[in-house]
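Student:
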Amino acid sequence: IKLGVTSVVVWREKEEEVKGQYLTVSLASQTGFFHLFNMYDIMEEEQYVFQAADLPDGPCFCPQAEFNGKPDSLFFNDGVRRIDFILVYEDEDKKDFEKRRREYFEASLMKMGVELEATPSVIDDKLTFLKIHMPWDVLCTYAEVLHIKLPIQVNDLSSRPSPWRYLSWIAKPFYPSEDLIRKETEFFTAPFEKDRLEYFYVKDRDIFFTPSMRSRMAYYILSRAPYEIRGSIKKFGMNKLLDGGVYKAAYPLHDCRFNVRSSEEGCPNERYLLYEEWAHPKSFYKMQPLDLIRKYYGEKIGIYFAWLGFYTIMLTLAAAVGLGCFIYGYTTKDTSTWSNEVCDPNIGGKLVMCPQCDSCNYWPLISTCDTSKKLCIFDNFGTLVFAVFMAVWVTLFLEFWKRYQAELEYEWDTVEFLEQEEPPRPEYEAKCVYERKNPVTGVKEKVPYTAWGRCVRVSIGMGTVLFWIMLILASIVAITVYRLAVFITFSTKLRNTDLKDLEPLKEYVTPQMATSVTASIISFVVIMILNVLYERVAIWITDFELPRTKTDYENSLTLKMFLFQFVNYYSSCFYIAFAKGKAVGYPGKPVYLLGEYRNEECDPGGCLIELTTQLAIIMGGKAIWNNIQEVLLPWVKNLIFRHCNSAASEKVIPRWEQDYQLQPSSKLGLFYEYLEMVIQFGFVTLFVASFPLAPVLALINNLAEIRIDAWKITTQFRRIVPEKAQDIGAWQPILQGIAILAVATNVSWYMIPRLVYYWSFSVYPYGDHPDNTMEGYINSSLSLVNNTSIPSNFSTCRYRDFRFPPGHPRQYEHNVYYWHVNAAKMAFIIVVEHIVYFTKFILSYMIPDVPYAVKEQIKREKYLTQIILHETNLKLVTRRLKNVFLVKLGEIVPSDLSDLLLYFVNTQ
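The sequence shown begins at 966 in our numbering and counts up by one.
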């Protein structure tokens, strides 16, 4: 026992515990010292009923220390022990039960070898900041528990020179400054083992474990330290204490302010460097410093920004082709034969269209002249080529991402991050009451539910998800009914109203457009409301299912949320693209929804313009809403907090209190960042044929999104707890599923009828033209109906369909043109699908998922690890044999020969 002025340090040795742990307590009174040992004795009992007794009034479980006036310090007051984590609590006498839980939790931490120091707040007298330090022995123990890979030898494999090295001077301005962010030395690494410490590259113990590693290990201990025992039930984990209000916050420290370098000697200033070369708006054109991001925030944050950056780079190619397609459509819109026929007074002016609702009027086809011109911008031969290109592009994107991801896995030491290495969640461990035999190890282990119980939990979860999806579909039906009801109203009022006040927009204000815009806005509002409600339901379902690891938890939640979001965001687009205008019957025999509302029809030019409007409103509204949530809200909250504490602005505030003033990170982590990008990826790939500018808008959005996300987590949020991640998780198969679906949805549905007419029905035997042409397409694509069943001044009218005319033996049935168009659509899907899969097969064969250089480095690393294991085992065996030999030898050999024999054994 070592006695000091303000503290006592107790040395404990226990086989199942970490040897050499220091337990530090305050000597506020001798009573507190003896109560500490009583607390340890209580914790070691198997049965214990929590009692409100024998606890001192003052804080006796960790030393109290006033702020030393160093605002940038990352250490305890002694300037030696580094702060690895911060806990914040509000010390009030009224909350005795919470106080007992907190003191028991802190005693548990010290028993596990963690060192603590409490410092009162400079601004708020009620707050106390508990600083946590992980000693060397504790770090070594938990680095081995978490299988953290650490350097064993400098990478001696020479890298192959890049073929673009002679052009590096061109790309140099687009990379972070090498003077600020220097390239780190590459090492071969191996999972850490304390018994083989001498084989690891330990140049300096203080920096051997990086701050992110130390924070990760501290979080692991905090998540498993007990805070209460009731009988046989042990309650543990920092998260429960945070939810219960025992602690107000828990976070690792930023190493400095984001815009000012630290005044502390030896501070790496990584946050400052990230802001200057990554998060600052002036660096929008630079590549991301991914290695520094990974080092500071962990692999999980790093892999997200790596994926987002790679996706943005790949969008550049798609955006260039899409922009070219748009320019082609804009320059050729006046040369479109079928559009000119619509605008021709002798053709479109003489074609009378049937009413599109029961109370609507007849209307001339020429009234859609402007719409047909705009439609030509997005629906042309270039769109067809672009649809095929995007189907190939999405395959290229996924294949090259897997290759790039394999490189990151090796560089960031996540190649062997297997499921068995990931520890169970504390919530899972706390409810393990049933025993089962592990199918892999054959050892009995405890689980929180039986096989039947797991089946019940999963069934309830699936049922709840299906219920909410049905709720979305019900909202879609409601919006469809709104479309039908409002279309009748708009058709009646707009045709009988003089729109002089809307003169600049008069030509755009049509019943179809007014219905589409209002329905899209209502759809967007419904989407946002259902998102908020379903998020809570999805979290509750996933918590109820009780997944074992955090990766399992996130994958389960991701799948549930995306299924809901997929239906929520894309349902209206699928309705317009594939359902609207399909089951409408024909004039005189229309189809009614719910027996009352007549199904709405598309414009003779198709529903493409309406689909484009829907995409623009949802994508634009979603981008604005997300930016408000991600940027404006955290900034305003921090601004209000600083304003409320403006009186204390003249005081010197420590690093931990500066970070407390920032916003806490979301419990869902990067879920919404991934969801935002994957939903955008769906809009870009699923419906890009109707809106070729979607990749351009996505590219512009992503260039801003990278910097917004970087600025947000660097300046407005507390430092995120570093986490290990091998890939993007459940989002990878989701992206592959969207890519497969995009093959079918990207077929230019509105272009195929014109292609069928051009190649088949404009010439013999169906047409009268000697050569392939688009002349006569409008007359061919509009069917005829007698007005005997429709009171009017016209004997006939036209409608958009492929049916036999009146008087034909099969009048009003689908004609041969209709079946040719459907056959062409199916053939196009099959052809594009085979092109995509053939391309994917060729790429997979020619471009392996793991680069050859990375394979060599992985083999080299495994070889070195095997050598280390072999040498270590050989030394252990030699030592044991030597001891056995000397024991036996001592029985028959005089002691004066022992030294000679020992020398002989060692040399041999």
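Positions of the beta carbon are idealized from the N, C-alpha and C atoms, including for glycine.
What separation, rounded to the nearest whole angstrom, lies between the Cα atoms of Pro1413 and Val1398?
Tutor: By one-based count along the sequence shown, residue 1413 stands at place 448. By one-based count along the sequence shown, residue 1398 stands at place 433. Going from the Cα of Pro1413 to the Cα of Val1398 covers about 5 Å.
Student: Per DSSP, what kind of secondary structure is Arg1765 in: helix, strand or coil?
Tutor: In the sequence shown, residue 1765 corresponds to position 800, counting from 1. Look at Arg1765 here: in three-state DSSP terms it is strand.
Student: Take Ile1441 and list the residues in its own chain whose beta-carbon comes closer than 7 Å to its own, dropping the five residues that flank it on each side.
Tutor: Here the question's residue 1441 lines up with position 476 in the sequence shown. Around Ile1441: Ser1536, Ser1537, Tyr1540.
Student: Using C-beta distances below 8 Å, list every residue in its chain close to Tyr1562, excluding the 5 sequence neighbours before and after it, in chain order.
Tutor: Here residue 1562 refers to the residue found at position 597 when the sequence shown is read from its first residue. So the qualifying residues of the chain are Val1446, Leu1449, Ala1450.
Student: Does the Cβ of Leu1664 lie closer than 6 Å to at least one heavy atom of the ligand ADP?
Tutor: Absence of the ligand ADP from the depicted structure is noted, as is the absence of any ligand whatsoever, leaving it without description.
Student: With distances taken from CA atoms, which of Tyr1393, Lys1554, Gln1701 is nearest Ser1188?
Tutor: Counting from 1 along the sequence shown, the entry for residue 1188 is found at position 223. Per the Cα distances, Tyr1393.
Student: Can at least three beta-carbon pairs, one atom from the region 1295–1303 and one from the region 1332–1341, be found at a separation below 8 Å?
Tutor: yes
Student: Comparing C-alpha positions only, which one of Asp1323, Gly1428, Thr1360 sits nearest to Asn1564?
Tutor: If you number the sequence shown from 1, residue 1564 lands on position 599. Checked all of Asp1323, Gly1428, Thr1360; the closest Cα to Asn1564 is Asp1323.
Student: Give every residue of the same chain whose Cβ lies closer than 6 Å to the Cβ of Glu1010, excluding the five residues on either side of it in the sequence, and list them in chain order.
Tutor: Taking the sequence shown and counting its residues from 1, one reaches residue 1010 at position 45. Note that Glu1010 scores 33 on pLDDT, short of 50, meaning its location in the model is unreliable; the coordinates nonetheless yield the value given after this. Answer for Glu1010: no residue qualifies.
Student: Which two residues bound the contiguous alpha helix (DSSP H) that contains Pro1028?
Tutor: For the purposes of this step, residue 1028 is taken as the residue at position 63 of the sequence shown. Unbroken run through Pro1028: none, as it is neither H nor E.
Student: According to DSSP, is Asn1591 helix, strand or coil?
Tutor: Numbered from 1 along the sequence shown, position 626 holds the residue referred to as residue 1591. In the structure shown, Asn1591 sits in a helix (DSSP, three-state: H, G or I).
Student: I'd like the span of the alpha helix (DSSP H) that includes Lys1076, first residue to last.
Tutor: Translated into positions along the sequence shown, residue 1076 becomes position 111. Start and end: 1061–1076.
Student: Could you pull out every residue in the same chain whose Cβ sits closer than 8 Å to the Cβ of Asn1666, ignoring the five residues on either side in sequence?
Tutor: Translated into positions along the sequence shown, residue 1666 becomes position 701. Answer for Asn1666: Ala1588, Gln1645, listed in chain order.
Student: Ser1227: buried (16+ other C-beta within 10 angstroms of its C-beta) or exposed?
Tutor: Position 262 of the sequence shown, counting from 1, holds the residue named residue 1227. By the 16-neighbour rule on beta-carbons within 10 angstroms, Ser1227 is buried.
Student: Could you check if Ile1292 is buried or exposed, using at least 16 other CB atoms within 10 Å of its CB as the buried criterion?
Tutor: For the purposes of this step, residue 1292 is taken as residue 327 along the sequence shown, with counting starting at 1. Burial call: exposed.
Student: Closest to Leu1597 by CA distance: which of Ala1215, Arg1620, His1773, Trp1676 is it?
Tutor: Against the sequence shown, residue 1597 aligns to sequence position 632. The residue with the shortest Cα to Cα distance from Leu1597 is Trp1676.
Student: Touch check for the region 1416–1432 and the region 1505–1514: three-plus C-beta pairs under 8 Å?
Tutor: yes
Student: Assign Ile1411 to buried or exposed, taking buried as 16 or more other Cβ atoms, counted over all protein chains shown, within 10 Å of its Cβ.
Tutor: Residue numbering aside, residue 1411 sits at position 446 when the sequence shown is read from its first letter. Here residue 1411 is Lys; the residue named in the question, Ile, does not match the sequence. It is exposed - the Cβ of Lys1411 has fewer than 16 other Cβ atoms within 10 Å.
Student: So, Ser1748 versus Arg1719, is the Cβ gap smaller than 7 Å?
Tutor: Taking the first residue of the sequence shown as 1, we reach residue 1748 at position 783. Taking the first residue of the sequence shown as 1, we reach residue 1719 at position 754. It is not a contact, given that the beta carbons lie outside the stated cut-off.
Student: List the endpoints of the continuous alpha helix (DSSP H) containing Arg1236.
Tutor: Within the sequence shown, the letter at position 271 stands for residue 1236. That run of the alpha helix (DSSP H) goes 1235–1239.
Student: I think Tyr1212 touches Leu1052, with their Cβ atoms under 8 Å apart; what is that distance to the nearest whole Å?
Tutor: As a first step, residue 1212 is located in the sequence shown; it is residue number 247 there, counting from the start. As a first step, residue 1052 is located in the sequence shown; it is residue number 87 there, counting from the start. Right, the Cβ-Cβ distance comes to about 5 Å (below 8 Å), so this counts as a contact.
Student: Spatial neighbours of Lys1359 within its chain, please: CB distance less than 7 Å, with the 5 preceding and 5 following residues excluded, ordered by chain position.
Tutor: Looking up residue 1359 in the sequence shown gives position 394. Here residue 1359 is Val; the residue named in the question, Lys, does not match the sequence. Thr1650, Ala1704, Ala1707.
Student: Measuring CA to CA, which of Arg1620, Phe1452, Phe1365 is closest to Ile1807?
Tutor: Here residue 1807 refers to the residue found at position 842 of the sequence shown. Distance check between Ile1807 and each of Arg1620, Phe1452, Phe1365 places Phe1365 closest, using alpha-carbon atoms only.
Student: Suppose you measure from the CA of Met1493 to the CA of Ile1444; what does that come to, to the nearest Å?
Tutor: Numbered from 1 along the sequence shown, position 528 holds the residue referred to as residue 1493. Numbered from 1 along the sequence shown, position 479 holds the residue referred to as residue 1444. C-alpha separation (whole angstroms): 15 Å.
Student: Go to Ala1215, then tell me how far its beta strand (DSSP E) extends in each direction, as first and last residue.
Tutor: For this step, residue 1215 is matched to residue 250 along the sequence shown. Where Ala1215 is concerned, the enclosing beta strand (DSSP E) stretches over 1214–1216.
Student: To which residues of the same chain is Cys1308 closer than 6 Å at the C-beta, ignoring the five residues directly before and after it?
Tutor: The count along the sequence shown starts at 1 and reaches residue 1308 at position 343. The residues are Cys1334.
Student: Check each candidate in Glu1688, Leu1640, Thr1379 and name the one with the smallest Cα separation from Lys1114.
Tutor: Within the sequence shown, numbered from 1, the residue matching residue 1114 stands at position 149. Taking only the C-alpha atoms, the option nearest Lys1114 is Thr1379.
Student: Where DSSP assigns a beta bridge to Asn1751, which residues make up the other side?
Tutor: Residue 1751 sits at position 786 when you count from the first residue of the sequence shown. DSSP, once it has assigned bridges, lists Thr1761 as partnering Asn1751.
Student: DSSP state of Tyr1262, grouped into three classes?
Tutor: Stepping through the sequence shown from its first residue, residue 1262 is reached at position 297. Helix, per DSSP.
Student: Alpha carbons only, please: which of Tyr1499, Thr1514, Leu1559 is nearest the one belonging to Asn1533?
Tutor: Your numbering for residue 1533 matches position 568 in the sequence shown. Closest option to Asn1533, Cα to Cα, is Tyr1499.
Student: Considering only the beta carbon of each residue, do Phe1489 and Pro1476 sit closer than 7 Å?
Tutor: In the sequence shown, the residue the question calls residue 1489 occupies position 524. In the sequence shown, the residue the question calls residue 1476 occupies position 511. For Phe1489 and Pro1476, no; Cβs fall outside 7 Å.
Student: Across the region 1270–1289 and the region 1151–1161, are there enough close Cβ pairs to call them in contact, namely three or more that are closer than 8 Å?
Tutor: no
Student: For Ile1198, which three-state DSSP category applies?
Tutor: Stepping through the sequence shown from its first residue, residue 1198 is reached at position 233. Here Ile1198 sits in strand by DSSP.
Student: What's the C-alpha gap between Asn1234 and Tyr1240?
Tutor: Against the sequence shown, residue 1234 aligns to sequence position 269. Against the sequence shown, residue 1240 aligns to sequence position 275. Whole-angstrom Cα-Cα distance: 10 Å.
Student: Along the chain, where does the beta strand (DSSP E) that runs through Glu1109 open and close?
Tutor: Start at 1 with the first residue of the sequence shown, and residue 1109 comes out as number 144. Run containing Glu1109: none in the beta strand (DSSP E); it sits in the alpha helix (DSSP H), 1101–1110.
Student: Taking the alpha-carbon of Lys1205 as reference, which of Pro1391, Glu1566, Gln1831 has the nearest alpha-carbon?
Tutor: Here residue 1205 is taken as the residue at index 240 of the sequence shown, counted from 1. Among Pro1391, Glu1566, Gln1831, the Cα nearest to that of Lys1205 belongs to Pro1391.
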